[in-house]
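Here's the structure, in structure tokens; my notes come after.
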Amino acid sequence: MFSSNSTIDISYTNMNNPVNHMKWHFGEYNKQYLNQQLETALLLPILAIIVVFLSVFLVIVFKRNPAIVLSTV
Numbered sequence: 002m003f004s005s006n007s008t009i010d011i012s013y014t015n016m017n018n019p020v021n022h023m024k025w026h027f028g029e030y031n032k033q034y035l036n037q038q039l040e041t042a043l044l045l046p047i048l049a050i051i052v053v054f055l056s057v058f059l060v061i062v063f064k065r066n067p068a069i070v071l072s073t074v
């Protein structure tokens, strides 16, 4: 298990050891890396969902009363 501030050694010499190589494949080394990647990977879909909801909201408001949207632009 890794603490949040540990460094991960994925150098060629370390991965050349079969035990370390298998640990890499089974997730002992890449838990911290995957957590970091997951945070970055979730950011874009969340932003996309927000943009879609705002767009739908503006379309609904514009259909009800076009003057409101045009006065804010």
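Residue numbers in the sequence shown follow our numbering, run continuously in steps of one, and reach 74 at the last position. Glycine included, C-beta positions come from ideal geometry on N, C-alpha and C.
- Taking C-alpha positions only, N66 is separated from V60 by approximately 10 Å.
- Counting along the chain, N21 sits inside the alpha helix (DSSP H) bounded by residues P19 to H26.
- Rounded to whole angstroms, the separation of the alpha carbons of A49 and V57 is 12 Å.
- Setting aside the 5 residues that flank it on each side, P19 has no residue in the same chain whose C-beta is closer than 6 Å to its C-beta.
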